[in-house]
Amino acid sequence: MLLTTLYIIGITAEAMTGALAAGKRHMDWFGVMLVASATAIGGGTVRDVLLGHYPLGWVANPQYLVITCLAGLLTTVIAKWVIRFHKIFIILDAIGLIVFSIIGCRVAMDMGLPAIICIVSAVVTGVFGGLLRDLITRRQPMVLHKELYASIALLAGVMYYGMMYFAVPELITTIATLVVGFTARMAAVQLRWRLPVFVLEEPKEDKLLETRN
Amino acid sequence: MLLTTLYIIGITAEAMTGALAAGKRHMDWFGVMLVASATAIGGGTVRDVLLGHYPLGWVANPQYLVITCLAGLLTTVIAKWVIRFHKIFIILDAIGLIVFSIIGCRVAMDMGLPAIICIVSAVVTGVFGGLLRDLITRRQPMVLHKELYASIALLAGVMYYGMMYFAVPELITTIATLVVGFTARMAAVQLRWRLPVFVLEEPKEDKLLETRN
Amino acid sequence: MLLTTLYIIGITAEAMTGALAAGKRHMDWFGVMLVASATAIGGGTVRDVLLGHYPLGWVANPQYLVITCLAGLLTTVIAKWVIRFHKIFIILDAIGLIVFSIIGCRVAMDMGLPAIICIVSAVVTGVFGGLLRDLITRRQPMVLHKELYASIALLAGVMYYGMMYFAVPELITTIATLVVGFTARMAAVQLRWRLPVFVLEEPKEDKLLETRN
Chain A
1 MLLTTLYIIG
11 ITAEAMTGAL
21 AAGKRHMDWF
31 GVMLVASATA
41 IGGGTVRDVL
51 LGHYPLGWVA
61 NPQYLVITCL
71 AGLLTTVIAK
81 WVIRFHKIFI
91 ILDAIGLIVF
101 SIIGCRVAMD
111 MGLPAIICIV
121 SAVVTGVFGG
131 LLRDLITRRQ
141 PMVLHKELYA
151 SIALLAGVMY
161 YGMMYFAVPE
171 LITTIATLVV
181 GFTARMAAVQ
191 LRWRLPVFVL
201 EEPKEDKLLE
211 TRN
Chain B
1 MLLTTLYIIG
11 ITAEAMTGAL
21 AAGKRHMDWF
31 GVMLVASATA
41 IGGGTVRDVL
51 LGHYPLGWVA
61 NPQYLVITCL
71 AGLLTTVIAK
81 WVIRFHKIFI
91 ILDAIGLIVF
101 SIIGCRVAMD
111 MGLPAIICIV
121 SAVVTGVFGG
131 LLRDLITRRQ
141 PMVLHKELYA
151 SIALLAGVMY
161 YGMMYFAVPE
171 LITTIATLVV
181 GFTARMAAVQ
191 LRWRLPVFVL
201 EEPKEDKLLE
211 TRN
Chain C
1 MLLTTLYIIG
11 ITAEAMTGAL
21 AAGKRHMDWF
31 GVMLVASATA
41 IGGGTVRDVL
51 LGHYPLGWVA
61 NPQYLVITCL
71 AGLLTTVIAK
81 WVIRFHKIFI
91 ILDAIGLIVF
101 SIIGCRVAMD
111 MGLPAIICIV
121 SAVVTGVFGG
131 LLRDLITRRQ
141 PMVLHKELYA
151 SIALLAGVMY
161 YGMMYFAVPE
171 LITTIATLVV
181 GFTARMAAVQ
191 LRWRLPVFVL
201 EEPKEDKLLE
211 TRN
């Protein structure tokens, strides 16, 4: 119940970031709905396809798809306000990230998959929506460059899996993961924590990659 | 029978648009076949993967894959004629779009899925081939910018689903959807109908998206 | 046993090419792991999703995913050496290509799929990892432009399928395919064999593609 409410908040916030990215690319209403939906429910979709977990969430519950399409269209109207109040937005988005990660972890656990896959499932669910958004709108995939987005999903996945493994009651596990994950995400945004970046100079290795293909 | 014939016309026309896009990117024969096939049968493939509808159409009927590869290679030889007679081409492509949408709707209906998903299935089948083509050849995804491509798929899906729901015989439903969808598509091309576009200025919201990632 | 050993060599080499591509895009450690894994196990993943062959290889054997992530991270440390000894690398990569193709062909054969699909499965397994790498790191998909990468996968698939069809013992088939495929790949790299390229001039057909969308 708690998770469902937070999930709806999360997909709404994610859909809005998708719609903004579509607006930067001057897409039409259909493009806005597509990018909004891909951003919001793309992570869960990729996860379910990779795990063979059918039917997909939004196929079984089409109302989620309706929410993301409407949130996308709404964003075209209220874009100015969305941008102005972007601090609220960062909070909603952080909630969404943790909720997605928890749900991703749970789906894999319910399928009886090994620990590593449960945590990968958390990361995929948390991150692939943003990755799809950036691929479709042809942006540098920011998920792979910027603040600790994927790492927070990893943290949430490990924490949730670990507490469930040690038989902590589910409600406590969920709330604890939400609080810790949310705090870590906010700290990462505020303090601009980043993972080390791997920078490779162009000229030399070009040859290797070219020959390889 | 009618649908199968029109489907083969449709995938041939779509494969040719894919091959032209590959030629613009100076791809080799293999790239031409890949982009041609992704354009022609990519929409149905994405739909089947999302719905868990196995085996995929071209896995069960590999001859469709042979057709798209041959159509792609043929295009490298007759590209000049394809471009010269592009009006015939637009007609074949419009037929393909409606047929894809009808088939997409039917597949979801046969699986007993809810109305919204049947219509989404029609749109995905109609649109994702062109979207994949544009992603692989790194073009601005035109499906999301230009004339009412996705909207026509939506119209065809709604009409087909609605008439079947009200127990109109299948042949009549199919022909009526083909006629209305085809006419709407031709009108959209001729009259340059478009969906409203969502344009967002760069500077301000950049900050939001960056912080979010 | 032989195949498993060669497979591990192959995914390690592929993961390293993925990590180098990520480094060119200044990705962080997480991006490096993602691109490395997508390059190394993306081909098998796409194949399994297309064929409905669940669970995916790396879901059933998460250690492969651990290998690709570690190989990716290791590459950030030893990038200079990787680039210096790139001839060894090309050899490992060629082994990987043939092994991937053989495994792809076998998976489809074990599912009782038709000959064409078995060979397509070989090509998809061999090629899609590199294609995903280039899509995520926003490079021109080199698989579709450069030396006979996909064609070698095709050759390996046809040869493996053909020899198994004529009941040649599996070990002999595997070794023969490895030797022939590896030799062909090395020859293609050395002699710069290429498939003909389809080049289409920009101005004229633009109109067609625009109208079509």
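Protein chains in written order, with the UniProt record's numbering: chain A, 1 to 213; chain B, 1 to 213; chain C, 1 to 213.
Here a beta-carbon is modelled for each residue, glycine too, at the ideal position from N, C-alpha and C.
Tell me where the alpha helix (DSSP H) around residue 226 of chain B begins and ends. The requested residue 226 of chain B is not part of the displayed model; chain B covers only 1 to 213.
Taking the alpha helix (DSSP H) that F182 of chain C falls in, what are its first and last residues? By 1-based counting over the third sequence, the position of residue 182 of chain C is 182. Here the alpha helix (DSSP H) through F182 of chain C covers E170 to L191.
Opposing strand residues paired with D48 of chain C [DSSP bridges]: Start at 1 with the first residue of the third sequence, and residue 48 of chain C comes out as number 48. The partner list for D48 of chain C (beta bridge, DSSP) is empty, contrary to what the question assumes.
Bridge partners of T134 of chain C, per DSSP? The count along the third sequence starts at 1 and reaches residue 134 of chain C at position 134. First, the residue type needs correcting, since residue 134 of chain C is Asp and not Thr in the sequence shown. None, per the DSSP bridge assignment.
Grouping DSSP H, G and I as helix and E and B as strand, with all else coil, what is V197 of chain C? In the third sequence, the residue the question calls residue 197 of chain C occupies position 197. Correct three-state label for V197 of chain C: strand.
Could you spell out the range, first to last residue, of the alpha helix (DSSP H) harbouring A167 of chain C? On the third sequence, position 167 is the one that residue 167 of chain C refers to. Per DSSP, A167 of chain C lies in no alpha helix (DSSP H) segment and is marked neither H nor E.
Inspect the CB distances between the region 97–107 of chain C and the region 1–19 of chain B and report whether three or more fall short of 8 Å. Output reads no: the region 1–19 of chain B does not touch the region 97–107 of chain C.
Close Cβ partners of W58 of chain A (< 6 Å) along its chain, the five nearest in sequence each way excluded: Position 58 of the first sequence, counted from the start, is the residue given in the question as residue 58 of chain A. Result list for W58 of chain A: I41, Y64 and L65, in chain order.
What in chain C is Cβ-close to P114 of chain A, meaning under 8 Å? Position 114 of the first sequence, counted from the start, is the residue given in the question as residue 114 of chain A. Here the neighbours are P62.
Between V199 of chain C and V49 of chain A, which are expected to be in contact by the criterion C-beta below 8 Å, what is the C-beta distance as a whole number of angstroms? Within the third sequence, numbered from 1, the residue matching residue 199 of chain C stands at position 199. Within the first sequence, numbered from 1, the residue matching residue 49 of chain A stands at position 49. With 8 Å as the limit, V199 of chain C and V49 of chain A do not qualify as a contact, their Cβ atoms being about 36 Å apart.
Please return the same chain residues whose Cβ sits closer than 6 Å to the Cβ of L154 of chain B, not counting the five positions on each side in sequence. Here residue 154 of chain B refers to the residue found at position 154 of the second sequence. The residues are V123.
Short-range partners of chain C found in the region 182–200 of chain A, where Cβ spacing is below 7 Å: The region 182–200 of chain A vs chain C, Cβ under 7 Å: R194, L195, P196, V197, F198, V199 and L200.
Output, in chain order, the set of chain B residues within a Cβ distance shorter than 8 Å of V49 of chain C. Your numbering for residue 49 of chain C matches position 49 in the third sequence. V49, listed in chain order.
I152 of chain C and A188 of chain C closer than 8 Å at C-beta: Taking the first residue of the third sequence as 1, we reach residue 152 of chain C at position 152. Taking the first residue of the third sequence as 1, we reach residue 188 of chain C at position 188. Yes. Within cutoff.
F85 of chain C: buried (16+ other C-beta within 10 angstroms of its C-beta) or exposed? Residue numbering aside, residue 85 of chain C sits at position 85 when the third sequence is read from its first letter. Per the 10 Å Cβ criterion, exposed.
Within the same chain, show all residues whose beta-carbon is closer than 6 Å to that of V7 of chain C, passing over the 5 residues directly before and after it, in chain order. In the third sequence, counting from the first residue as 1, residue 7 of chain C sits at position 7. It is worth fixing the name first, because residue 7 of chain C is Tyr in this sequence and not Val. When the five nearest sequence neighbours on each side are left out, the beta carbons in the same chain lying within less than 6 Å of the beta carbon of Y7 of chain C are those of V99, in order along the chain.
Compare the C-beta of W81 of chain A against all C-beta atoms of chain B and say whether one is closer than 8 Å. As a working note, residue 81 of chain A is residue 81 in the first sequence. False, the Cβ-Cβ gap to chain B never drops below 8 Å.
Kindly indicate if chain A contains any beta-carbon less than 8 Å away from that of V120 of chain B. Here residue 120 of chain B refers to the residue found at position 120 of the second sequence. Taking Cβ atoms only, chain A reaches closer than 8 Å to V120 of chain B, which makes this a yes.
Whole-angstrom distance between T174 of chain B and G104 of chain B, CA atom to CA atom: Start at 1 with the first residue of the second sequence, and residue 104 of chain B comes out as number 104. Start at 1 with the first residue of the second sequence, and residue 174 of chain B comes out as number 174. Straight-line Cα distance between these residues: approximately 13 Å.
Taking the alpha carbon of I83 of chain A as the point to measure from, which residue in A:Y160, A:A13, A:L171 and A:H26 has its own alpha carbon closest? Mapped onto the first sequence, residue 83 of chain A falls at position 83. The candidate whose alpha carbon is nearest that of I83 of chain A is A:A13.
Which residues mark the beginning and the end of the alpha helix (DSSP H) in which M16 of chain C is found? Residue mapping note: residue 16 of chain C aligns to position 16 of the third sequence, counting from 1. Annotation: the continuous alpha helix (DSSP H) that includes M16 of chain C extends over L2 to K24.
Closest to A21 of chain B by C-alpha separation, out of B:G129, B:L178, B:L171 and B:D110, would be which residue? Taking the first residue of the second sequence as 1, we reach residue 21 of chain B at position 21. With respect to the C-alpha of A21 of chain B, the residue from B:G129, B:L178, B:L171 and B:D110 having the closest C-alpha is B:G129.
My assumption, with CB atoms under 8 Å, is that A156 of chain C sits in contact with G181 of chain C. Please give the rounded CB distance. Residue mapping note: residue 156 of chain C aligns to position 156 of the third sequence, counting from 1. Residue mapping note: residue 181 of chain C aligns to position 181 of the third sequence, counting from 1. Indeed they touch by this definition, with Cβ atoms about 4 Å apart.
According to the Cβ coordinates, are T68 of chain A and G23 of chain A closer than 8 Å? As a working note, residue 68 of chain A is residue 68 in the first sequence. As a working note, residue 23 of chain A is residue 23 in the first sequence. No, the pair does not count as a contact, with Cβ atoms beyond the cut-off.
Interfacial residues, the region 149–170 of chain A to chain C, with Cβ spacing under 9 Å: Cβ contacts with chain C come from Y149, A150, S151 and L154.
Buried or exposed for F89 of chain C, please, with buried defined as at least 16 other CB atoms from any protein chain shown within 10 angstroms of its CB. Against the third sequence, residue 89 of chain C aligns to sequence position 89. By the neighbour-count rule (16 or more Cβ atoms within 10 Å), F89 of chain C is buried.
Do L135 of chain C and L132 of chain B count as a contact pair if the criterion is CB distance below 8 Å? Against the second sequence, residue 132 of chain B aligns to sequence position 132. Against the third sequence, residue 135 of chain C aligns to sequence position 135. The answer is no: Cβ separation not under 8 Å.
Residue closest to L195 of chain B, alpha-carbon to alpha-carbon, out of A:G31, A:I78, A:I172 and A:I11: Position 195 of the second sequence, counting from 1, holds the residue named residue 195 of chain B. Minimum Cα distance to L195 of chain B is reached at A:G31.
Please name the residue in A:M163, A:V179, A:E170 and A:Q140 whose C-alpha comes closest to that of D28 of chain C. Start at 1 with the first residue of the third sequence, and residue 28 of chain C comes out as number 28. The option with the nearest alpha carbon to D28 of chain C is A:Q140.
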